[in-house]
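>
Protein chains in written order, with UniProt numbering: chain A, 1 to 430; chain B, 1 to 130.
(1) According to DSSP, which residues form a beta bridge with residue 73 of chain A?
(2) Within 10 angstroms of its Cβ, does residue 120 of chain B collect 16 or more other Cβ (buried), or is it exposed?
(3) Have a look at A/378, A/367, A/330 and A/360 and flag the residue whose alpha-carbon is nearest the alpha-carbon of residue 346 of chain A.
(4) Grab the span of the alpha helix (DSSP H) containing residue 398 of chain A for me, first residue to last.
(5) Which residues in the same chain as residue 56 of chain A place their Cβ atom closer than 8 Å to its Cβ, once the five residues preceding and following it in sequence are excluded?
(6) Taking 7 Å as the threshold (beta carbon to beta carbon), is residue 416 of chain A in contact with chain B?
(7) Among A/310, A/369 and A/114, whose alpha-carbon lies nearest the alpha-carbon of residue 85 of chain A?
(8) If you run the structure through DSSP and keep just helix, strand and coil, what is residue 89 of chain B?
(9) Which residues does DSSP list as the beta-bridge partners of residue 175 of chain A?
(10) Could you tell me which residues DSSP pairs with residue 234 of chain A in its beta bridges?
(11) Less than 8 Å between the CB atoms is what I'm expecting for residue 364 of chain A and residue 262 of chain A, so what's the real figure, rounded?
(12) For a test of your reading of the model: does the CB of residue 278 of chain A fall under 6 Å from any non-hydrogen atom of the ligand MG? Yes or no.
(13) Is the Cβ of residue 106 of chain B closer than 7 Å to any Cβ of chain A?
(14) Let me know if residue 348 of chain A comes out buried or exposed under the rule of 16 or more other beta-carbons within 10 Å of its beta-carbon.
(15) Just to make sure I have the definition right: I need the residues of chain A whose C-beta is within less than 7 Å of the C-beta of residue 115 of chain B. Which are they?
(16) Which residues in chain B have a C-beta closer than 8 Å to the C-beta of residue 391 of chain A? List them in chain order.
(17) Which runs of the alpha helix (DSSP H) fall wholly inside the UniProt domain "OST48 middle" (271–416) of chain A and span at least 4 residues, in chain order?
(18) So that I know if they touch, is there some Cβ in chain B lying closer than 7 Å to that of residue 404 of chain A?
(19) Quick one: Cα of residue 367 of chain A to Cα of residue 264 of chain A, how far?
(20) Does the beta carbon of residue 399 of chain A come closer than 7 Å to any beta carbon on chain B?
(21) Spell out whether any CB of chain B is found under 7 Å from the CB atom of residue 407 of chain A.
(22) Residue 190 of chain A: buried (16+ other C-beta within 10 angstroms of its C-beta) or exposed?
(23) Assign residue 21 of chain B to one of two classes, buried (16 or more other C-beta atoms within 10 Å of its C-beta) or exposed (fewer than that).
(24) What does DSSP give as the partner residue(s) for residue 117 of chain A in the beta ladder?
(25) Among A/139, A/387 and A/117, which one has its Cα closest to the Cα of residue 33 of chain A?
(26) If you follow the beta strand (DSSP E) that residue 242 of chain A is in, where does it begin and where does it stop?
(27) For the stretch 105–114 of chain A against the stretch 232–248 of chain A, are there 3 or more C-beta pairs whose distance is under 8 Å?
(28) For chain B, is any of its Cβ atoms less than 7 Å away from the one on residue 386 of chain A?
(29) Taking the alpha-carbon positions, what's the residue 283 of chain A to residue 218 of chain A distance?
(30) If you draw a straight line from the alpha carbon of residue 129 of chain B to that of residue 14 of chain B, how long is it in whole angstroms?
(31) Who pairs with residue 254 of chain A in a beta bridge, going by DSSP?
(32) If I measure Cβ to Cβ from residue 122 of chain B and keep anything under 8 Å in the same chain, skipping five residues before and after, which residues do I get?
(33) Which value, in whole angstroms, describes the spacing of the CA atoms of residue 61 of chain B and residue 385 of chain A?
(34) What are the residues that DSSP puts in a beta bridge with residue 221 of chain A?
(35) Could you tell me if residue 440 of chain A is buried or exposed, where buried requires 16 or more neighbouring beta carbons within 10 angstroms of its beta carbon?
(36) Is the beta carbon of residue 294 of chain A sitting closer than 7 Å to the one on residue 339 of chain A?
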């Protein structure tokens with residue numbers, strides 16, 4: 001009986017942790033006067049089915065600001081900003097500083113703008129991140145496509161397989177769309193770019209914002225805390241009426257934004273001597289043989305699964321990397337794929353070294369494993385003695401030879417008769 | 001031009017021959033004197049044999065280090081080479097004093113000093129090699 005109770009408790013705790021590992025509390029800001037909430041129900045319902053707790057707020061309804069924080073406690077995990085027109089209303093509800101702070105504190109953001117509505121809050125916020133959406137009124141045109149009225153983009157323009165791995169020949173309907181210019185930043189994740197024959201201009205006045213593949217229609221951003229932001233340049237992309245074309249991509253995009261996929265963690269980063277002795281037992285010294293291993297897991301939306309890749313690198317660095325080794329798979333269990341460097345010899349240099357795996361791939365969450373350890377030099381009695389080095393046998397035998405010869409010399413010198421007189425006479429005669 | 005060169009060529013050879021002959025003569029005399037000296041004094045002969053042995057050892061070690069193109073146990077090489085050089089120098093100073101005693105220092109005292117200096121040298125080299 002006791003056992004079954006504890007088992008039940010265990011299962012309950014497991015369930016609680018499983019739930020809490022998935023971020024769920026989400027604030028949805030919308031503007032009923034621009035785009036009614038009913039147009040987006042497919043994806044919102046889909047989120048709710050996956051245990052997201054959605055909280056809706058019409059930005060025209062109340063005049064006070066939304067509390068994103070209770071003191072230091074972040075109240076929401078995600079924010080969805082559906083297309084809004086009233087820039088001032090949005091700014092009053094979610095001031096840009098609040099939004100930046102929210103994003104810095106690991107909150108995820110999904111936002112949309114469209115040629116008809118580019119609220120200042122979102123534009124300035126995106127500009128901070130190096131994303132420059134086209135201003136109000138700028139529309140992406142592609143007169144070479146089969147449907148010039150609304151923008152349709154094929155899956156060839158998908159740029160990141162970690163966000164969505166599109167099938168050949170898929171078409172995404174974006175309707176009336178704006179495009180963004182991007183800064184050159186490591187954190188930006190370009191997701192969908194505009195066709196080669198497209199351009200963005202303002203009411204045919206020839207004042208274009210982007211041309212060709214320079215423009216981006218869907219852009220992600222992942223900050224150093226692994227919080228994610230996705231900006232979609234079109235109102236129509238997530239609308240119910242386009243769900244036949246966009247559904248798969250949009251669902252994966254939402255999953256990526258709210259960290260349900262492409263989330264990687266590293267576990268059990270350990271290093272030891274080759275024979276398994278720990279650093280704590282026997283500290284490393286120069287030229288020791290050591291081995292480093294680390295495990296990687298990937299969140300697939302429900303559980304952690306082994307993350308399999310061949311581009312992991314390990315670094316042993318003291319200011320500069322002394323080693324940069326590609327990790328090889330060594331084994332796995334149900335959750336984790338383990339990687340190892342194999343055995344390697346520590347450099348002939350003592351000092352404080354960092355054992356580091358810094359895994360940063362665009363589209364995947366980044367992980368850093370760092371262990372700082374001192375590597376000592378050899379003690380004075382740890383160098384090999386001369387007779388252990390075969391080269392020095394020549395010199396050693398020379399020294400012994402000289403000494404033996406010297407003893408022999410001294411003995412014979414003493415025993416030979418003195419002949420000083422003869423020498424002098426010889427000198428005189430000379 | 002040709003004349004002068006013709007005239008000068010035999011001249012040069014004749015002088016060089018003369019120099020060579022003089023040198024040969026001098027070399028022969030000194031060789032004779034030297035062998036006479038060591039034949040008369042077996043102790044000097046002993047010293048010179050030892051010196052020759054040391055030079056040989058030094059050359060062997062140096063050739064070795066050139067052949068393997070690596071001076072890895074450099075301290076070992078230094079100590080092996082220096083014991084040869086040092087012993088050679090000590091022997092030379094002993095030899096000088098045997099041939100021509102320094103004022104105030106007897107031959108036996110010179111020999112005693114030689115032994116002490118050699119022992120110090122061996123001690124240092126044996127420790128330096130390890």
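Heads up, the beta-carbon is just placed ideally off N, CA and C, and yes, glycines get one too.
Quantities reported herein were computed from a predicted structural model and do not represent experimental measurements.
Based on what the coordinates show:
(1) Mapped onto the first chain, residue 73 of chain A falls at position 73. For residue 73 of chain A, which the question treats as bridged, DSSP gives the partners A/70.
(2) Start at 1 with the first residue of the second chain, and residue 120 of chain B comes out as number 120. Residue 120 of chain B is exposed by the Cβ-count criterion.
(3) Residue mapping note: residue 346 of chain A aligns to position 346 of the first chain, counting from 1. Nearest of A/378, A/367, A/330 and A/360 to residue 346 of chain A, Cα basis: A/378.
(4) Mapped onto the first chain, residue 398 of chain A falls at position 398. Note, residue 398 of chain A: alpha helix (DSSP H), 392–415.
(5) As a first step, residue 56 of chain A must be located in the first chain, where it is residue number 56. Counting only Cβ-Cβ distances below 8 Å, and skipping sequence neighbours, we find 28, 30 and 37.
(6) Working through the first chain from its first residue, we reach residue 416 of chain A at position 416. Yes, because at least one Cβ of chain B sits closer than 7 Å to the Cβ of residue 416 of chain A.
(7) In the first chain, residue 85 of chain A corresponds to position 85, counting from 1. Minimum Cα distance to residue 85 of chain A is reached at A/114.
(8) As a working note, residue 89 of chain B is residue 89 in the second chain. Helix at residue 89 of chain B.
(9) Counting from one through the first chain, the residue named residue 175 of chain A turns up at place 175. For residue 175 of chain A, which the question treats as bridged, DSSP gives the partners A/151.
(10) Numbered from 1 along the first chain, position 234 holds the residue referred to as residue 234 of chain A. Answer is A/177.
(11) Within the first chain, numbered from 1, the residue matching residue 364 of chain A stands at position 364. Within the first chain, numbered from 1, the residue matching residue 262 of chain A stands at position 262. With 8 Å as the limit, residue 364 of chain A and residue 262 of chain A qualify as a contact, their Cβ atoms being about 5 Å apart.
(12) The model depicted lacks the ligand MG and carries no ligand whatsoever.
(13) To locate residue 106 of chain B, count along the second chain from 1; it is residue 106. For residue 106 of chain B, the answer is no, since every Cβ of chain A falls outside 7 Å of its Cβ.
(14) Start at 1 with the first residue of the first chain, and residue 348 of chain A comes out as number 348. Exposed, by the Cβ-count rule.
(15) For the purposes of this step, residue 115 of chain B is taken as the residue at position 115 of the second chain. The contacting residues are 410.
(16) Your numbering for residue 391 of chain A matches position 391 in the first chain. The answer, in chain order, is 68, 70, 72, 73 and 76.
(17) 392–415
(18) The count along the first chain starts at 1 and reaches residue 404 of chain A at position 404. Chain B, which has no Cβ nearer than 7 Å to the Cβ of residue 404 of chain A, makes this no.
(19) Counting from 1 along the first chain, the entry for residue 367 of chain A is found at position 367. Counting from 1 along the first chain, the entry for residue 264 of chain A is found at position 264. Going from the Cα of residue 367 of chain A to the Cα of residue 264 of chain A covers about 7 Å.
(20) The residue labelled residue 399 of chain A in the question sits at position 399 within the first chain. Residue 399 of chain A counts as touching chain B.
(21) In the first chain, counting from the first residue as 1, residue 407 of chain A sits at position 407. False, the Cβ-Cβ gap to chain B never drops below 7 Å.
(22) Counting from one through the first chain, the residue named residue 190 of chain A turns up at place 190. So residue 190 of chain A counts as buried.
(23) As a position in the second chain, residue 21 of chain B is number 21, starting the count at 1. Exposed, since its Cβ has fewer than 16 Cβ neighbours within 10 Å.
(24) As a working mapping, residue 117 of chain A is identified with position 117 in the first chain. According to DSSP, residue 117 of chain A bridges with A/114.
(25) One-based indexing of the first chain puts residue 33 of chain A at position 33. Residue 33 of chain A has its Cα closest to that of A/117, out of A/139, A/387 and A/117.
(26) The count along the first chain starts at 1 and reaches residue 242 of chain A at position 242. Note, residue 242 of chain A: premise wrong, no beta strand (DSSP E); not H, not E.
(27) yes
(28) Here residue 386 of chain A corresponds to residue number 386 of the first chain, with the count starting at 1. It does: the Cβ of residue 386 of chain A has a partner Cβ on chain B nearer than 7 Å.
(29) What you label residue 283 of chain A is simply residue 283 of the first chain in a count that begins at 1. What you label residue 218 of chain A is simply residue 218 of the first chain in a count that begins at 1. The straight-line gap from Cα to Cα measures roughly 51 Å.
(30) One-based indexing of the second chain puts residue 129 of chain B at position 129. One-based indexing of the second chain puts residue 14 of chain B at position 14. Answer to the nearest angstrom: the Cα atoms are 55 Å apart.
(31) Looking up residue 254 of chain A in the first chain gives position 254. For residue 254 of chain A, which the question treats as bridged, DSSP gives no partner whatsoever.
(32) Taking the second chain and counting its residues from 1, the one referred to as residue 122 of chain B is at position 122. So the list reads 83, once near-sequence residues are dropped.
(33) One-based indexing of the second chain puts residue 61 of chain B at position 61. One-based indexing of the first chain puts residue 385 of chain A at position 385. One C-alpha to the other measures close to 19 Å.
(34) As a position in the first chain, residue 221 of chain A is number 221, starting the count at 1. Answer by DSSP bridge pairing, in chain order: A/188 and A/229.
(35) There is no way to answer for residue 440 of chain A, as the model of chain A reaches only from 1 to 430.
(36) On the first chain, residue 294 of chain A is found 294 positions in, with the first residue counted as 1. On the first chain, residue 339 of chain A is found 339 positions in, with the first residue counted as 1. Result yes, Cβ atoms of residue 294 of chain A and residue 339 of chain A sit closer than 7 Å.
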